[in-house]
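Protein chains: 2
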Amino acid sequence: MSSIRSIDTWDVRFPTSRQLDGSDAMNPDPDYSAAYVRIATYADDGLSGHGFVFTIGRGNDIVVAAIDSLAAPLLGRDVEVLLDDMGATWRAFVHDSQLRWLGPEKGVVHMAIGAIVNALWDLKAKRAGLPLWKLLADLTPEQVVDLVDFRYLSGALDRDGALAILRAAREGREEREARLLAEGYPAYTTTPGWLGYDDEKLERLCREAVAEGFRQVKLKVGGDLAEDVRRLGIARRAVGPDIRIAVDANQRWEVDEAIAWMRELAPFDIAWIEEPTNPDDVLGHAAIARALAPMPVATGEHMGSRIMARQFLEAGALSVLQIDATRVAGVNENIAMLLLAARFGVRVCPHAGGVGLCEAVQHLSMFDYLAVSGTMEDRMIEYVDHLHEHFVIPTDVREGRYRAPSAPGTGMEMRAASIAEYEFASRGQQVRGQ
Amino acid sequence: MSSIRSIDTWDVRFPTSRQLDGSDAMNPDPDYSAAYVRIATYADDGLSGHGFVFTIGRGNDIVVAAIDSLAAPLLGRDVEVLLDDMGATWRAFVHDSQLRWLGPEKGVVHMAIGAIVNALWDLKAKRAGLPLWKLLADLTPEQVVDLVDFRYLSGALDRDGALAILRAAREGREEREARLLAEGYPAYTTTPGWLGYDDEKLERLCREAVAEGFRQVKLKVGGDLAEDVRRLGIARRAVGPDIRIAVDANQRWEVDEAIAWMRELAPFDIAWIEEPTNPDDVLGHAAIARALAPMPVATGEHMGSRIMARQFLEAGALSVLQIDATRVAGVNENIAMLLLAARFGVRVCPHAGGVGLCEAVQHLSMFDYLAVSGTMEDRMIEYVDHLHEHFVIPTDVREGRYRAPSAPGTGMEMRAASIAEYEFASRGQQVRGQ
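Top line first, the protein sequences correspond to chains A and B.
When the letters of the first sequence are read in order and numbered with the numbering used here, they come out as residues 8 to 441.
When the letters of the second sequence are read in order and numbered with the numbering used here, they come out as residues 8 to 441.
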């Protein structure tokens, strides 16, 4: 038996706005950041659990403050009790009646809970000596559903329905694991497509993406229609007819505007239109999906909870669900979202990039392939080639595919030297967390 | 010309859980709290602006941290520039691209922006020597629409549509103001209905409510069906057939459960069912509304933004919109919600109670009566009789009606002695903000 010894947090910000990496129609100058937490125990194994919330700069300190406040009651708690029933651990945070007032289940508090939950998963996986994808895939269907909160999902998904999905996926599981280890999981790249890049850089990066083995690229759109047409022309000529091109408007449009704008871009054979309007607008997304069919509508990186996911799926408001490793309340809630997508027969293509999102979310897609949907068909994880060097186990993407990580943990552990170098000392206050 | 001199915050918590005031099916032990901010200037007038976010205990510190972080850039800013264009001031906060990542427009960051915006409105109204309702009602329609962000509302409400509503309401405005000053605005009371109260207290408080002139009471439900039937029987006998009884489930149910449960309670002549399920579940509320019609469905105290309001209204998912003074990004966004409700012909019956919510939200209903909907028909502001003594200008509710406040400001200023007495020193840290 051992208990939680320390909880340390850091406000880590990378000055990415200087190169316009990550620039899009709504986010002209993001500074990719992480509200980072490390949970250590008194156990002799020396292991600690690491988690974070990805943000784009200002407000990262608010998430750190939320993690500090929410995690404090874990100090001194029995770590085995917490890790042995991660379903109960999750529910104790998410259903805290006083905290629910600040959401419920959305925004800063929900994401901060996600960082803590994910840090505990990191610790659990390290103690088991397994990468998260393997730890999860080796659970029984009963153990998986015990992690999931079915509240507010009835009519769409319940415990029995989830068990049926998980049991069906046991068929062929060993062959799939062998294939995953041999071939990896498909990736697509957003590296060429940021709005701040000039034409030469766009074309060069598109060609490089194809040469590197990616089968899909993604371009940011929504700043100016004529510019989007021109840039899509450059990209289409650069990648040829067989490589898919998705576009991402980052919430730029009203509903009617999205429909009109995307009809102009449709001739470029668009793989999906991502975040066409406000991410809470279920009915708006459904209207866009109907008007633009068969062009797929994709969203998810700002989807606050499994309750929103359920509505988007029921309303036919998306056909590509883009789960995000740090938007919802951690691994447990993302499992619920994978099950919901399987229940509605919708493919999951996770949002990644940012800081460490690739490292983290790949585990969830690999778990999905082995234990939930059972397929990689038309599924891809987003990939952006920056900031990986700051992680202890950086993603290994080769020939357009994520290679399954073998190191224990969730992939969320950042290098201590990177944390020290990029810690943000806010407004002259003392440097926190050291 | 003068500039912002200081921004002070306090974590104020009242130990209301000791008496079970405020207890309901989802919130068994709320400690009514305020994440409180005071903005002072270098002007000779000595005036300061006060605002807060109401919470129910844990996490109040997180909102205080958010206010600290978000308000800091106001220090030294020209106060006239900020107050003269409150639309631009609002947009600078809400459309900050980096902060939007933490929502967008929901949860801790959005509510914290609301506290700051409301504190600026308090300062603006005090400088004008007017109560907020009067300050707002005296604006021209053009000045009102300049306060509103129509983004993501197109198809439902635009600037021209809002102007038409506001211009139509100019007719009869002076008579209505005279009536408001003479008669006040109707209130209903939730004081009798908390789940933690015993039968004797329930019955006594119901009788007292009628004797005090209230025409509607509200009971918390959703803990146990047989208990709810029994308690509604007591309440109906106590108030007689002519007083309305609304019920509030505080998100307790799944959709099907809400429908089945409320069919059992329908014989008690229910004025509305409030928060039957998760407050983000637009489609679920619409299904409940269809199944229980003509029983009205009410929600809003957890409605994160005008974008959610638009969807609930478009989907027919509510017929009573319960705006809250501190849930969204302040006065500006609540004006957008009043305009949306008027556009859809839905009545607004604000959520209040808590700490200072009655003091604050009455101004919005009075503004609505004078300048937006132009009617008090079937409209009421919630009233709960506790914690008013902590405010500099407590609500004046007599004969079941809110009397229009005459003191300048928004009503959100708490007594300094109350702040000092109830400041929460969290986990042995130093007392903040003194």
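Heads up, the beta-carbon is just placed ideally off N, CA and C, and yes, glycines get one too.
Span of the beta strand (DSSP E) around residue 281 of chain B: Its beta strand (DSSP E) spans residues 277-281.
For residue 110 of chain B, the nearest candidate out of A:86, A:62, A:53 and A:16 (CA to CA): That would be A:62, whose Cα lies nearest to the Cα of residue 110 of chain B.
Interface flag, residue 227 of chain B vs chain A, CB-CB below 8 Å: Answer no: the Cβ-Cβ gap between residue 227 of chain B and chain A never drops below 8 Å.
Anticipated Cβ contact below 8 Å, residue 324 of chain A with residue 293 of chain A, distance rounded: Confirmed, about 4 Å.
Any C-beta of chain B under 8 Å from that of residue 197 of chain A: Chain B, which has no Cβ nearer than 8 Å to the Cβ of residue 197 of chain A, makes this no.
Per-residue DSSP class, three states only, for residue 274 of chain A: It is helical.
Chain-ordered neighbours of residue 125 of chain A on chain B, where CB pairs are closer than 9 Å: What residue 125 of chain A touches in chain B: nothing, since even the nearest Cβ is about 17 Å away.
Check whether residue 346 of chain B and residue 101 of chain B have beta carbons under 8 Å apart: In this structure, residue 101 of chain B does not lie closer than 8 Å to residue 346 of chain B by Cβ.
Beta-carbon proximity of residue 116 of chain B to residue 64 of chain A, cut-off 8 Å: No, they are not a contact pair.
Among B:279, B:312, B:318 and B:310, the one whose alpha carbon lies nearest that of residue 301 of chain B: With distances taken between Cα atoms, residue 301 of chain B lies closest to B:279.
CA nearest to the CA of residue 72 of chain B, picked from B:421, B:60 and B:179: Nearest C-alpha to residue 72 of chain B: B:60.
Residue 375 of chain B versus residue 327 of chain B: straight-line alpha-carbon distance, rounded: Those two C-alpha atoms are separated by around 15 Å.
CB contact check: residue 436 of chain A to chain B, cutoff 8 Å: Its pLDDT being 38, under 50, residue 436 of chain A is placed unreliably by the model, and the measurement read from it follows with that caveat. Not an interface residue.
Element boundaries [alpha helix (DSSP H), containing residue 370 of chain A]: DSSP places residue 370 of chain A in the uninterrupted alpha helix (DSSP H) bounded by 364-374.
Endpoints, beta strand (DSSP E) assigned at residue 389 of chain A: Taken as a continuous stretch (DSSP letters only), the beta strand (DSSP E) holding residue 389 of chain A covers 388-390.
Proximal chain A residues relative to residue 63 of chain B, where beta-carbon distance stays under 8 Å: In chain order: 104, 105 and 108.
CB contact below 8 Å: residue 68 of chain A versus chain B: Chain B, which has a Cβ nearer than 8 Å to the Cβ of residue 68 of chain A, makes this yes.
Own chain residues within Cβ distance below 7 Å of residue 194 of chain B, not counting five before or after: Once the five neighbours on either side are set aside, the close Cβ partners of residue 194 of chain B are 221, 387, 388, 390, 404, 407, 408 and 409.
Contact set between the region 301-328 of chain A and chain B, restricted to residues whose Cβ is under 9 Å from the partner: Those residues of the region 301-328 of chain A that come within reach of chain B (Cβ to Cβ, closer than 9 Å) are 309, 311, 312, 314, 315, 317, 318, 321 and 322.
CB contact flag (residue 187 of chain B, residue 373 of chain B, <8 Å): Yes, these two residues count as a Cβ contact at 8 Å.
Beta strand (DSSP E) runs wholly inside the region 55-143 of chain B, at least 3 long, in chain order: List check, beta strand (DSSP E) in window: 55-62.
Short CB-CB distance (under 8 Å) between residue 175 of chain A and chain B: For residue 175 of chain A, not one C-beta of chain B is nearer than 8 Å to its own C-beta.
Interface positions of the region 18-45 of chain B facing chain A (Cβ-Cβ less than 8 Å), listed along the chain: Of all residues in the region 18-45 of chain B, those with a C-beta nearer than 8 Å to a C-beta of chain A are 33, 34, 35, 36, 37 and 38, reading in chain order.
Contact between the region 144-153 of chain B and the region 141-158 of chain A (3+ Cβ pairs under 8 Å): The region 144-153 of chain B, when compared against the region 141-158 of chain A, does not touch it at the 8 Å Cβ threshold.
Sequence-distant residues of the same chain with beta carbon closer than 6 Å to residue 12 of chain B, five excluded per side: 47, 48 and 49.
First through last residue of the beta strand (DSSP E) which encompasses residue 193 of chain B: From DSSP, the beta strand (DSSP E) with residue 193 of chain B extends over 192-200.
Chain A within 8 Å of residue 429 of chain B, Cβ atoms only: Not a single C-beta of chain A is nearer than 8 Å to the C-beta of residue 429 of chain B.
Rounded C-alpha distance that separates residue 249 of chain A from residue 219 of chain A: So the alpha carbons of these two residues sit roughly 15 Å apart.
For residue 321 of chain B, the three-state DSSP class (helix, strand or coil): In the structure shown, residue 321 of chain B sits in a helix (DSSP, three-state: H, G or I).
Beta-carbon neighbours of residue 217 of chain B, restricted to chain A and to distances below 9 Å: Per Cβ cutoff of 9 Å: no residues; residue 217 of chain B is ~31 Å from chain A at best.
Local conformation of residue 259 of chain B per DSSP, three classes: Coil.
Short CB-CB distance (under 8 Å) between residue 73 of chain B and chain A: It does: the Cβ of residue 73 of chain B has a partner Cβ on chain A nearer than 8 Å.
Cβ neighbours of residue 309 of chain B in the same chain (closer than 7 Å, five flanking residues each side left out): Only 286 and 334 meet the Cβ criterion.
Per-residue burial, residue 25 of chain A [other beta carbons within 10 Å of its own, 16 or more giving buried]: That one is exposed.
Within 8 Å, strictly: CB atoms of residue 3 of chain B and residue 228 of chain B: Summary: the structure shown does not reach residue 3 of chain B, with chain B confined to residues 8 through 441, and so no result is reported for it.
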